[in-house]
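*Asks:* Can you keep this structure in mind? I'll have questions shortly.
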Amino acid sequence: MEMLRSTVILLLIAWGVVTTVLVLFLIYRSTLETREEDQIFLGPAEESMANEQRVLVARIEKLSRPITALIVLSGALLAASAGVWLWQAFKSF
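For any residue, its number in our numbering is found by taking its place in the sequence shown, counting from 1, and adding 1305.
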């Protein structure tokens, strides 16, 4: 019985850590997206501005895979925590 409680606590701690990292990644991506321009009028002198936007878009796209993985991991840890907690609750009856 005590082992199941410690398992639930460890799962919830892991979920909290993963979810915190996820939120930090989402905040970082959001700050990058605020600097992204929707429309750029380019001339020969604005090529450096276009390169900055390309780098910015590449960073945003690079973040999508880790964010997706963290969402899946966070959901799995939360579901596992709930499952162990429910199993513990029904086992005590």
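The beta-carbon is built from N, C-alpha and C at its ideal position, and this holds for glycine as well.
1) Strictly under 8 Å for the Cβ-Cβ distance: is Thr1324 near chain C by that measure?
2) Return the CA-CA distance between Leu1416 and Thr1339, expressed in angstroms with no decimal places.
3) Check for me: the alpha helix (DSSP H) holding Ala1374 runs from which residue to which?
4) Between Val1313 and Ser1386, which are expected to be in contact by the criterion C-beta below 8 Å, what is the C-beta distance as a whole number of angstroms?
5) If you drop the 5 nearest sequence neighbours on each side, which residues of the same chain put their C-beta closer than 7 Å to that of Ile1376?
6) Hey, quick one: how far does the alpha helix (DSSP H) through Gly1348 stretch, first residue to last?
7) Using only alpha-carbon positions, find the residue among Ala1355, Ile1365, Thr1325 and Gly1348 that is nearest to Ser1335.
*Replies:* Put simply:
1) The structure shown contains no chain C; it holds only a single protein chain.
2) The requested residue 1416 does not occur in the structure, where the chain is confined to residues 1306 to 1398.
3) Glu1352 to Lys1396
4) 6 Å
5) Leu1327
6) Taken as a continuous stretch (DSSP letters only), Gly1348 belongs to no alpha helix (DSSP H), as it is neither H nor E.
7) Ile1365
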